[in-house]
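Per full-length UniProt numbering, residue 1 is the first one in the sequence shown, and the count goes up by one each step.
The block underneath contains the structure these notes are about, expressed in structure tokens.
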Amino acid sequence: MTDRVKIGVIGTGHMGQYHVNVAKTLSDAELVGIYDADGERAKQMAEKHKTSAFSSLEDLMQKVEAVIVAVPTFLHHEIGKKALLAGKHVLVEKPIAETLEQAKELVELSLKNDRVLLVGHVERFNGAVLELGKIAVQPLLVESRRLAPFNPRIKDVGVVLDMMIHDIDIVLNLVKSPVKHLNAVGAKVVSEHEDIASVVLHFENGTIANISASRCTQSKIRTLNVSQQDVYITLDFSDQEIELHRQATSDILLRTGEIKYRQESIVEKIFVHKDNPLKQEQEHFVKCIRKETDPIVYGQSDIQTLEIAYRILEEIHNN
């Protein structure tokens, strides 16, 4: 049997603690330890999850083959670069880096050193999204809504890089056509960055996508709807469920003084294998390292995602 891949987690904040919790359950990998700039927090996390807290980044890297980088966005490039230069495989939380230049440098380093560089777009591993890729073949219109109450933990980026980037990634992967042009608006509500944003993407193949994101909505809504010629697809990220709506019959009823339109639809529920998307993501990372599969979210595709995100931000700031 092949040796288990030795993994370390860098950063034990909001996402980092989830990564630690999942990494210790993997069958083909071993969680060697964790590192956090806050030594006290790292110790507490290590005790809680029965792993080791390393006093320096370098010490951790010497003991592992791969790292999961779950630090604030402004540190993604610095730590990702250190890990790749040290010959480690890297799973970095989204967005891949703060700037396109930094993102491109990380991708080039991973190719040059023949290391896996996976970007943590966890929604790609949502069971419903994996199924959607098989069903949505010629989208005409894509409507995405990702709305949530405000969470004060996110201070360094706005809603576009924090939340909307998931849907930009999913939509680009779904439509598979270059963006011809886009129209975006946004506004600050509770933070120093944009807290609500909406964009219409016009693709070269004619598809239109409407993406809305908010982190000051008093309800958590995460949905994606796709209109195709023969079917309307609804996806709920939270429940990991997909429904297909097909028109069966439609007619107009004429009664005294009123006209009514009646439509009957056939609704088909798709069976979705529901698993923890973060676990699916880490297992995929390990399989990529062992060369058992190719990365779903490879660096080059994330450069395109980041490029669109920055075009949206530019449009918001110019309006």
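All C-beta atoms, glycine included, are put in the ideal place defined by N, C-alpha and C.
Can you give the Cα-Cα distance for residue i and residue j, rounded to whole angstroms?
i: G133; j: D236; result: 14 Å
i: A197; j: L182; result: 13 Å
i: L259; j: S265; result: The amino acid at residue 259 is misidentified as Leu; the sequence shows Ile. Roughly 20 Å between the two C-alpha positions.
i: K112; j: Q300; result: 14 Å
i: G8; j: L91; result: 10 Å
i: D114; j: L85; result: 11 Å
i: P178; j: N205; result: 8 Å
i: C288; j: A248; result: 44 Å
i: E78; j: G33; result: 20 Å
i: T207; j: Y232; result: 14 Å
i: N21; j: H76; result: 21 Å
i: H49; j: L117; result: 26 Å
i: E283; j: M45; result: 22 Å
i: N319; j: K188; result: 13 Å
i: E40; j: K63; result: 21 Å
i: E143; j: V286; result: 33 Å
i: L224; j: I242; result: 10 Å
i: A55; j: E47; result: According to the sequence shown, residue 55 is Ser rather than Ala. The alpha-carbon atoms of S55 and E47 are separated by roughly 14 Å.
i: M61; j: F203; result: 42 Å
i: A309; j: K6; result: 33 Å
i: residue 320; j: Q280; result: Because the chain in this structure spans residues 1 to 319, residue 320 falls outside the shown range and cannot be described.
i: E98; j: M15; result: 18 Å
i: E65; j: F74; result: 24 Å
i: I96; j: L26; result: 24 Å
i: M164; j: L278; result: 18 Å
i: D59; j: Q17; result: 20 Å
i: L57; j: K88; result: 12 Å
i: S214; j: P295; result: 29 Å
i: V119; j: T51; result: 24 Å
Within the same chain, show all residues whose beta-carbon is closer than 8 Å to that of residue i, passing over the 5 residues directly before and after it, in chain order.
i: E314; result: none
i: M1; result: Low confidence applies here, because M1 scores a pLDDT of 42, under 50, leaving its location unreliable; read the following figure in that light. Hits under 8 Å: none found.
i: Q228; result: A136, V137, Q138, P139, L140
i: C216; result: P149, F150, V189, V190, D195, I196
i: A23; result: I7, V9, A29, L31, I68, Q282
i: E110; result: Before going further, note that residue 110 is Ser rather than Glu in the sequence given. Within the same chain, S110 has close Cβ partners L84, V90, V116, L117, G299.
i: K180; result: H202, F203, E204
i: D230; result: R246
i: Q218; result: P149
i: N276; result: V22
Cutting at 7 Å between CB atoms, please list the residues of its own chain near residue i, excluding the five before and the five after it.
i: K43; result: A53
i: H121; result: K94, H166, D169, V297
i: G11; result: D36, V69, A70, V71
i: residue 337; result: The chain is shown only over 1 to 319; residue 337 falls outside these bounds and no answer can be derived.
i: I316; result: A184, V185, G186, E194, A197
i: I221; result: R145, L147
i: Q240; result: N126, G127, A128, V272, K274
Who pairs with residue i in a beta bridge, going by DSSP?
i: Q247; result: S265
i: D236; result: T223, E241
i: A187; result: I196
i: L75; result: According to DSSP, L75 bridges with nothing at all.
i: V286; result: V286 pairs with nothing; no bridge assigned.
i: I211; result: S144, V199
i: K6; result: E30
i: residue 339; result: This structure does not reach residue 339, given that the chain is present from 1 up to 319, and the question cannot be answered.
i: I270; result: I242
i: L91; result: I68, L118
With a CB to CB cut of under 6 Å and the five nearest residues on each side skipped, what residues in its chain are close to residue i?
i: D162; result: I154
i: N210; result: E143, V200
i: E268; result: L244
i: I312; result: V160, A184, V199
i: H19; result: V9, I68, A70
i: E131; result: I242, I270, V272
i: P234; result: For the sequence presented, residue 234 should be read as Thr rather than Pro. N225, E243, listed in sequence order.
i: E292; result: none
i: S238; result: R222
i: D38; result: none
Inter-stretch contact at 8 Å, needing at least 3 Cβ pairs: the stretch 162-181 / the stretch 303-314: yes
Is the stretch 264-281 close to the stretch 148-160, with three or more CB pairs under 8 Å? no
Could you tell me whether the stretch 97-111 touches the stretch 123-130, using the rule of 3 or more Cβ pairs below 8 Å? no
Identify every run of the beta strand (DSSP E) within the stretch 108-184, keeping only runs that are complete inside it and at least 3 residues long; order them along the chain. 117-120, 141-147
Whole beta strand (DSSP E) elements within the stretch 25-70, 3-residue minimum: Segments of the beta strand (DSSP E) lying fully in the stretch 25-70: 29-35, 66-69.
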